[in-house]
Each structure stands twice: as structure tokens, then as C-alpha cells.
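Notes for the one structure printed next.
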Amino acid sequence: MDLYEYQGKELFRRVGIPVSDGRLAVSPEEARAAASSLGGPVVVKAQVLTGGRGKAGGVKLAEDPADAEQKARDILGLDIRGHIVRKLWIEKASDIAKEYYLSITFDRGEKKPLFMFTTQGGVEIEQVAEENPDALIRLHVDSSEGFQPWIARRLIYGGRVEDASEQKQIASIIEKLYKAFVDFDAMLCEINPLIVTPDGEVKALDSKFTVDDNALFRHPDVSEMRDTAAADPLEAFAREKGVTYVKLDGDVGICGNGAGLSMSTVDVVAHVGGKPANFCDLGGGGNAQGVVDALEVITRDPQVKSIFFNIFGGITRCDEVARGILEALERLDMSTYPIVVRLDGTNAQEGRKILADAGKPNIYPEATMLDGAKRAVELAR
Ligand code: GDP
Ligand code: MN
Numbered sequence: 144m145d146l147y148e149y150q151g152k153e154l155f156r157r158v159g160i161p162v163s164d165g166r167l168a169v170s171p172e173e174a175r176a177a178a179s180s181l182g183g184p185v186v187v188k189a190q191v192l193t194g195g196r197g198k199a200g201g202v203k204l205a206e207d208p209a210d211a212e213q214k215a216r217d218i219l220g221l222d223i224r225g226h227i228v229r230k231l232w233i234e235k236a237s238d239i240a241k242e243y244y245l246s247i248t249f250d251r252g253e254k255k256p257l258f259m260f261t262t263q264g265g266v267e268i269e270q271v272a273e274e275n276p277d278a279l280i281r282l283h284v285d286s287s288e289g290f291q292p293w294i295a296r297r298l299i300y301g302g303r304v305e306d307a308s309e310q311k312q313i314a315s316i317i318e319k320l321y322k323a324f325v326d327f328d329a330m331l332c333e334i335n336p337l338i339v340t341p342d343g344e345v346k347a348l349d350s351k352f353t354v355d356d357n358a359l360f361r362h363p364d365v366s367e368m369r370d371t372a373a374a375d376p377l378e379a380f381a382r383e384k385g386v387t388y389v390k391l392d393g394d395v396g397i398c399g400n401g402a403g404l405s406m407s408t409v410d411v412v413a414h415v416g417g418k419p420a421n422f423c424d425l426g427g428g429g430n431a432q433g434v435v436d437a438l439e440v441i442t443r444d445p446q447v448k449s450i451f452f453n454i455f456g457g458i459t460r461c462d463e464v465a466r467g468i469l470e471a472l473e474r475l476d477m478s479t480y481p482i483v484v485r486l487d488g489t490n491a492q493e494g495r496k497i498l499a500d501a502g503k504p505n506i507y508p509e510a511t512m513l514d515g516a517k518r519a520v521e522l523a524r
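Written out as C-alpha cells, the structure is:
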């Protein structure tokens with residue numbers, strides 16, 4: 144789950160990383176009020192879950208409250224790489240002497256957290272990595288050792304930070320960023336830019352914070368930060384129902400059990416010339432209720448013309464899935480959907496018999512994944 148800048152900064156603040164004072168605003172009037180309560184010049188910042196806001200006109204300095212109101216009017220409603228701006232973060236403006244970059248992310252290759260630091264901040268980090276690779280200091284952390292003071296020193300000396308006061312402040316921020324990364328089960332904590340003010344104060348001017356979805360149950364306060372209004376309504380509904388679902392663009396609704404089989408099903412439907420409408424995974428223990436929930440989500444997508452159930456029973460029992468399909472037919476209005484069902488593995492015989500005995504005209508049994516995909520694509524036309 145990606146957090147907005149203001150939410151990431153709230154977590155920074157909690158671990159003691161210095162950030163500027165600010166307020167959230169959703170209208171030009173609120174932006175004006177926020178600016179007058181903060182006092183002095185402010186920055187009006189679009190809150191969207193994408194980077195490069197500055198370049199896209201989503202970050203603007205304002206001299207006074209009236210100016211903040213005007214800048215808010217300009218920024219609200221902007222489309223930044225497909226994200227419409229509905230919220231603003233009004234922050235006390237900072238004077239900038241230097242812009243650095245600091246991040247910690249999870250390096251899946253090395254299976255270790257990775258710190259990156261450079262004094263060439265303010266630009267895209269990919270650009271630094273390409274044009275000036277020596278200026279980008281990379282350092283893995285051994286999770287079993289955890290944070291050690293030498294880690295901060297190596298990053299700081301590697302980046303040639305010479306000022307003693309800056310060194311001290313950055314070392315403390317590095318240690319706190321590691322704490323934030325671990326404490327909140329983050330996948331990424333990035334500060335770009337990490338600024339030094341003309342007075343020599345170091346602070347986080349921006350934040351990019353991604354928390355591991357699988358750890359959200361341990362952080363109800365972070366989980367609450369999810370902006371359901373900005374999420375795809377169908378995906379939000381799926382999440383509510385506990386269904387693993389990703390909306391795609393086609394017309395063949397897909398339901399498999401296990402992420403691997405579900406993804407293969409998406410591929411096979413595309414391979415035979417069809418267009419998958421979604422990815423949907425019933426998971427390992429798919430029971431009848433899970434099937435009903437999945438079908439409720441899939442049929443909310445108006446693009447869906449046919450549905451392909453591809454089940455290979457291991458832990459999942461095919462008779463249970465069959466019962467779920469029949470139950471869904473009872474409870475939801477599904478008479479307009481042709482449903483192709485391929486059942487194999489545990490209790491496949493029983494499952495197929497349950498479906499055959501029900502004699503539903505819109506259920507099409509198929510024996511293999513390939514034939515099932517072909518049939519579902521045909522029926523979608
Ligand atoms: P991003 O473009 O989405 O990464 O948004 P940032 O929060 O990083 O802001 C983009 C740029 O705006 C920064 O690199 C700064 O140069 C500038 N900026 C942001 N806040 C301030 C501020 O308080 N004072 C000044 N002078 N510039 C700022
Ligand atoms: Mn930034």
C-alpha cells in the first residue's frame with residue numbers, strides 16, 4: 144500500500160525524522176485557512192500516489208493566504224499521470240541550500256534491505272544512477288544484525304558530506320529511517336529531497352512510503368490511511384469481500400485457485416485470442432462462500448461477457464467449488480452469463496456430477512484448461 148506524502152511524513156514525524164509543519168486541504172478556501180494558520184510563505188502540494196508532481200505543476204510556492212488559495216485552485220483537479228488531484232498538503236515553505244537523497248528499500252535479489260544515499264538529490268534517482276553512478280552510495284543491511292552506527296557513517300562518508308553538523312543530523316535520520324522501515328513493515332521509505340536549509344538544518348521535504356500489504360493487519364492505524372475514494376471501486380469492493388482480484392480490460396471473467404493457476408489462465412485466454420476481464424484467485428482453501436463472493440465481484444464488471452472457472456483441486460475440493468457456483472446462481476442474477484467450468488484434481492468427479500445433476504443451461508463443462516479457455520472466448524463473442 145502506497146501512502147500519500149502527508150501520511151508518510153506523519154510516520155516520519157512519529158519516529159523523529161524532522162519534517163515541516165503542514166495542514167491538509169481539500170478546497171481553495173481550506174488552503175487559504177491552512178496558509179494563514181501556518182503563517183508566512185507556504186508550499187501547496189498535490190497529494191497523489193505518483194511522483195514527479197513538481198514537474199507536472201503540482202507543487203507551487205505561495206507568498207500569502209490569498210496566493211495559496213489561488214495556487215490551490217490551479218492544482219486541484221489537475222491530472223498528474225492519470226491521478227486526479229483531490230487533496231492538497233499545505234506546508235510551511237523551506238529555504239533550500241542543498242538537496243540530497245536518502246532511501247531504504249527491499250532488495251529482493253539480495254533478500255536484504257538496501258540503503259541508497261546521494262548528495263545529488265532533487266532529480267530522479269535513476270538519472271543519478273545512470274549518469275553519475277559513483278555518486279550513488281548503496282549499502283545492504285544484514286537484517287539479523289539490524290542497524291549499526293557504521294552503516295550511517297559509511298553512507299555519509301561515501302557521499303562526501305563534509306560538514307560535521309550535517310553528518311550528525313543525517314546519521315540520526317538514517318537510523319530513524321531504518322526504524323520506520325522495520326517498525327511499519329515498509330517496502331520503501333524514500334526522502335527526495337532530503338534538504339539542508341541555509342541555517343544548516345536537515346529535514347525531509349518529501350516522502351514516498353510503501354507498506355507491505357501482507358503486514359497491514361499488524362498496523363491498523365496505517366491500514367486506516369487507505370484512501371478508498373481514490374481506489375478502483377471494483378477493487379475496493381473485492382478487498383471488502385476478501386477476494387484477491389485485479390481488474391483487467393477484456394470480457395472473459397476468470398476465476399482460478401492459486402495465484403499461479405489464475406495467472407496461467409489469464410495467459411491461456413489471451414493465447415487463444417481472448418481478452419481476460421480480470422485476475423481472480425480463490426486461494427488454496429476455496430469454499431462455497433468464497434466462490435459466491437468471487438462471482439459477485441466478477442459480475443459487477445459490466446465488461447464481463449463470459450466466465451471461466453479453472454480449478455485444479457489440491458487443498459481446494461472441486462465439489463465445494465461446484466456447490467459454490469450453484470449457490471451463486473441461486474443468489475445472484477447470473478442467467479445471462481455463460482459459465483465454463485473445468486474441474487480437475489481433488490473430488491473432481493463429485494464436482495462434475497453436482498453440476499451435471501443441476502442441469503443449468505448456462506454451465507459448460509470442459510475437461511482441459513485449453514478447451515475451457517477456447518470455449519469461454521467463443522461464448523464471450
Ligand atoms: P515531487 O516532484 O513529486 O518529487 O515533489 P517534491 O515534494 O519532491 O517537490 C518537488 C520540488 O519542489 C522539490 O525538489 C523542491 O525543489 C521544490 N520544493 C518543495 N517544497 C519546497 C519548499 O518548501 N521550498 C522550496 N524552495 N522548494 C520546495
Ligand atoms: Mn520528491
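All residue numbers for the sequence shown refer to my numbering, where the first residue is 144 and numbers rise by one.
Note that CB positions come from ideal geometry on N, CA and C, so glycine has one too.
- In this structure, G201 has its beta carbon less than 8 Å from a heavy atom of the ligand GDP.
- Here the residues close to the ligand MN, judged by CB distance below 6 Å to any of its heavy atoms, are N335 and D349 in chain order.
- Not one heavy atom of the ligand GDP falls within 8 Å of the beta-carbon of V345.
- As the crow flies, the alpha-carbon of G302 is around 17 Å from that of L320.
- Judged by beta-carbon spacing, L438 lies beyond the 9 Å limit of A465, meaning their Cβ atoms are not closer than that value.
- E234 carries a strand assignment under DSSP once its states are collapsed to helix, strand and coil.
- In this structure, the beta-carbon distance from I482 to I497 does not fall below 9 Å.
- Within the region 272-333, the complete alpha helix (DSSP H) segments at least 4 residues long are 292-301 and 307-326, listed from N- to C-terminus.
- Look at V354 here: in three-state DSSP terms it is strand.
- Between K241 and V354, the CB-CB gap reaches or exceeds 9 Å.
- Cβ-Cβ distances below 7 Å link V185 to A178, A205, A211, I233, E234, K235 and A236 in the same chain, with the five nearest sequence neighbours on each side left out; the list follows chain order.
- Below 8 Å, too few C-beta pairs join the region 256-266 and the region 363-376 to call them touching: fewer than three.
- Straight across, the Cα-Cα distance linking T479 with P504 is about 10 Å.
- The C-beta of N421 has 16 or more other C-beta atoms within 10 Å across all chains shown, which makes the residue buried.
- Within 10 angstroms of the beta-carbon of R524 lie fewer than 16 other beta-carbons, which makes it exposed.
- Note: C461 is not bridge-paired with any residue in the DSSP secondary-structure output.
- Contact between T387 and M512 does not hold, since the beta-carbon distance rounds to 19 Å and is not under 8 Å.
- Less than 9 Å divides the Cβ of E333 from the Cβ of S246.
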